[in-house]
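Note sheet for the following structure.
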Amino acid sequence: MDCTAMWTVLMCVFLMLCDSLCLESEPGAPLRSGVLDLPWKDELCCDSPPAYIGAGGSGRIPPETNRSEVNLPHPLRCTFRSLAAEPEHLKPPVGACLDILCRIDETWENVTCDLESGGGPPIRGQQLLLNNDTVEANSTSHNLLVCDAEDSLMCSFHLDSARSFVLMVTVSISGAAAPPVLLRIPERPEKPGPPVNLSHIQTIEAGVVLSWDEPLDSSTDPLRYQVRYSSSTNQYWQVASAHKEPRLPVDLEPMVSYIFQVRCAGVAEPPLWSDWSESYHIFLDTLSYIPEKVVARAGDNVTVYCVFNDHRINASMARWILNHTQELDGSLYHPVNQWVSQITVRASETGIYDLLKCTKEWSYPYSQIFVEGGFIDIKCVTNGDIDAMDCRWKTEEWTKLQFQYK
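Quick note on numbering: the sequence shown equals residues -20 to -1, 1 to 386 in mature numbering (1 follows the signal peptide of the UniProt record, and there is no 0).
See below:
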């Protein structure tokens, strides 16, 4: 075969409603066993036609030349590599091969079939009609199979029906025909809504876990998720997958602002993704506390963890301070791991809250332990008309107080 020649590829597509007729063969046309699922990928190999140089050097066989004159012992044929385990007469011929891939796009709006020559002769495509028995005979809507041929041949057509049907694909390359292939196109899945209520927690293993709720319109079908995020140091989106569970551990740097979004899809292939969720922001300080706030009864034991998000600081360097001034005894705390220090203290029996820090630095955050039923001395005085009242209390507390009355 002249490798400078051009392959002429004819691709025909026929749509059938997905019922028992889908499994019946066309008269005289053997079908591959069963109906295949998308995406479908195979290698199509064809007999090489004998060289024939005509008067014009075109390499074509003149119409008046019969088969015996050019010594063709059998008709040219194409078949698929996946049939190699079939009987000898069905094994792929030795000759030119093309890679074929048929798939549904991510929007479930189009089906495409790609043929690539893998370094062989270029491909010349033809404009072909799409036979479709799911539309009325006089309808011309979406009946054109659109093909584009350059380095490869890509043919696509629009899916305008939510019903399940079968696609029959036949390919002919330079006069050599391949057996038809039946491909199942499932019913178009319903596009889910985006996940909601994004949040995050920090673990005592110094990890951060992003979580979310399923969309409000979610069915009972399982969902899969994708998470994308960018940061103040890298504004390009990075994508991670979360399978089944609505949560994902994330590796974050301190003092960096992050933006997260989540989307979901059902189990159908290819996945029909929802829109991205509303943005969720995370900023980790150099230190974090678990919990940041806790309510306890006076005298109860309370355990607090300090997480060093800056891994240049080791948990063994922690020095716990009570209410910014009182250094606590080292026997009260110890490292849990390389980045986390744990302390257990008793809730105040005289005040309304305590502040805990694991460093002497004033600029870092702290954990607050509020005392349930804590007492504070408040004095209120009314004016002479009893239409106003002034309330006073000591301002020695480190935290910001809120005054409520009724």
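From the three backbone atoms N, C-alpha and C, an ideal C-beta is built for every residue, glycine too.
#1: Give the single residue among Thr266, Ser296, Glu329 whose Cα lies nearest to the Cα of Pro315.
#2: Just the Cα atoms here: how many angstroms apart are Asn177 and Glu272?
#3: Output the distance between the C-alpha atoms of Gly279 and Asp197, rounded to the nearest integer angstrom.
#4: Please return the same chain residues whose Cβ sits closer than 7 Å to the Cβ of Trp373, not counting the five positions on each side in sequence.
#5: DSSP puts His223 in a beta bridge; with which residues?
#6: Within its chain, find whatever has a CB closer than 6 Å to the CB of Val275; leave out the 5 residues flanking it on each side and keep chain order.
#7: Are Phe60 and Leu24 close, meaning C-beta to C-beta below 8 Å?
#8: Taking the beta carbon of Met148 as the centre, do at least 16 other beta carbons fall within 10 Å, making it buried, or is it exposed?
#9: Evaluate contact between the segment 224 to 237 and the segment 164 to 171, counting only Cβ atoms and requiring at least three cross-stretch pairs below 8 Å.
#10: Within 8 Å, do at least three Cβ pairs link the segment 333 to 347 to the segment 284 to 301?
#11: Can the beta-carbon of Val284 be found less than 8 Å from the beta-carbon of Ala186?
#12: For His180 and Asp85, what's the separation of their Cα atoms in angstroms?
#13: Give the DSSP-derived three-state secondary structure of Leu312 in the structure shown.
#14: Helix, strand or coil: which one does DSSP assign to Arg164?
#15: Would you give the residue range spanned by the beta strand (DSSP E) that Tyr269 belongs to?
#16: Note the first and the last residue of the continuous beta strand (DSSP E) segment covering Asn214.
#17: Have a look at the DSSP bridge pairing and note the partners of Thr92.
#18: For Met297, name the three-state secondary structure that DSSP assigns.
#19: Assuming Ile262 and Leu232 form a contact by the criterion Cβ under 8 Å, report the distance between their Cβ atoms to the nearest whole angstrom.
#20: Roughly how many whole angstroms lie between the Cα atoms of Cys360 and Tyr333?
#21: Output the boundary residues of the beta strand (DSSP E) element that contains residue 418.
#22: Measuring alpha carbon to alpha carbon, tell me which residue in Arg208, Gly310, Ala222 is nearest Tyr216.
#23: Taking the C-alpha atoms as reference points, what is the distance between Ser259 and Phe240?
#24: Just list the residues that DSSP pairs Val275 with in beta bridges.
#25: Return the CA-CA distance between Leu190 and Leu78, expressed in angstroms with no decimal places.
#26: Near Ile80, which residues of its chain fall below 6 Å by C-beta distance, leaving aside the five closest residues on each side in sequence?
#27: Determine the DSSP secondary structure at Arg61, reduced to helix, strand or coil.
#28: Taking only three categories from DSSP, how would you classify Asp193?
#29: Considering only the alpha carbon of each residue, which of Asn289, Asn317, Tyr346 lies closest to Thr305?
#30: What does the alpha-carbon distance come out to for the pair Glu194 and Arg243?
#31: Of the choices Gln318, Asn303, Trp342, whose alpha-carbon is the least far from that of Ser328?
#32: State the Cα-Cα distance for the pair Leu139 and Asn214, rounded to the nearest angstrom.
#33: Report all residues from its chain with a CB closer than 8 Å to the CB of Ser257; omit the five preceding and five following residues, and keep chain order.
#34: Would you kindly check if the distance between the Cβ of Leu267 and the Cβ of Thr282 is under 8 Å?
#35: Given a cut-off of 8 Å on the beta-carbon distance, is the pair Leu228 and Leu16 in contact?
The short version:
#1: Ser296
#2: Those two C-alpha atoms are separated by around 21 Å.
#3: 47 Å
#4: Ile356, Asp357, Ile358
#5: Arg204
#6: Phe350, Glu352
#7: yes
#8: buried
#9: Here the segment 224 to 237 does not lie against the segment 164 to 171, with fewer than 3 beta-carbon pairs under 8 Å apart.
#10: yes
#11: no
#12: Each residue's Cα considered, the two are about 33 Å apart.
#13: Here Leu312 sits in helix by DSSP.
#14: In this structure, Arg164 counts as strand in the three-state DSSP scheme.
#15: Its beta strand (DSSP E) spans residues 267 to 270.
#16: Unbroken run through Asn214: none, as it is neither H nor E.
#17: Arg83, Ser136
#18: helix
#19: 7 Å
#20: 22 Å
#21: Residue 418 lies beyond the residue range present for the chain, which begins at -20 and ends at 386; the question has no answer from this structure.
#22: Arg208
#23: Going from the Cα of Ser259 to the Cα of Phe240 covers about 6 Å.
#24: Answer by DSSP bridge pairing, in chain order: Phe350.
#25: Rounded to the nearest whole angstrom, the CA to CA distance from Leu190 to Leu78 is 45 Å.
#26: Asp22, Leu24, Leu95
#27: helix
#28: strand
#29: Tyr346
#30: 10 Å
#31: Asn303
#32: 38 Å
#33: Leaving aside the five residues that flank Ser257 on each side, the residues in its chain whose CB is nearer than 8 Å to its CB run, in chain order, Pro174, Pro175, Val176, Leu178, Trp192, Gln241, Val242, Arg243.
#34: Before going on, a small fix: residue 282 reads as Val here, not Thr. No, they are not a contact pair.
#35: no
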